[in-house]
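Participant: This is the structure I have questions about; it appears just below.
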Amino acid sequence: MKTQWMLIVSLLLAIVVAIFSIVNIRPVIVNFVFTTAEMPLVLVILASVLIGAFISGSFALFRRMQYRQEIKHLQTIIEEKEELLRQEQLRIIPQQDVVVRDITNEANEVTVIDEQ
Numbered sequence: 001m002k003t004q005w006m007l008i009v010s011l012l013l014a015i016v017v018a019i020f021s022i023v024n025i026r027p028v029i030v031n032f033v034f035t036t037a038e039m040p041l042v043l044v045i046l047a048s049v050l051i052g053a054f055i056s057g058s059f060a061l062f063r064r065m066q067y068r069q070e071i072k073h074l075q076t077i078i079e080e081k082e083e084l085l086r087q088e089q090l091r092i093i094p095q096q097d098v099v100v101r102d103i104t105n106e107a108n109e110v111t112v113i114d115e116q
């Protein structure tokens, strides 16, 4: 559903930019700091939109790569913790398997011995 909304919004923005560009077709002078050029305003608008989309997409891609790396790291931690838990569960002796025997020594002291 999110992808469909993104597609609809993108199409609407593309239509708005196209209409705005078509309405503004007169030539303008663009200053590139070192030089100037005269070109139709529609090219300036479209170039600006494309450059902005490229920069935005680059940041989104970089962020997605960071998330994937973090997910891999967290999955590794989960696997390590699950292995530790499994080892701990194997180490614990179930209560019904423990046999307790009381032995009273000569001084009437009670000693408890655990046997398996």
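In this text, residue positions in the sequence shown follow full-length UniProt numbering: the first is 1, and each later residue adds one. The beta carbon of each residue, even a glycine, is placed where N, CA and C say it ideally should be. No experiment lies behind these values; they were computed from the predicted model shown.
1. According to DSSP, simplified to helix, strand and coil, what is THR35?
2. Would you mind stating whether residue 121 and VAL49 have Cβ atoms separated by less than 8 Å?
3. Less than 8 Å separating the beta-carbons of ILE22 and LEU41?
4. Tell me, please, which residues DSSP counts as bridged to VAL28.
5. Using the Cβ count rule (16 or more neighbours within 10 Å means buried), how would you classify ILE45?
6. Would you report the Cα separation of GLU38 and LEU61, rounded to the nearest angstrom?
Facilitator: This is what the structure gives:
1. coil
2. Because residue 121 is not part of the residues shown, which for the chain are 1 to 116, the question remains open.
3. no
4. MET39
5. buried
6. 34 Å
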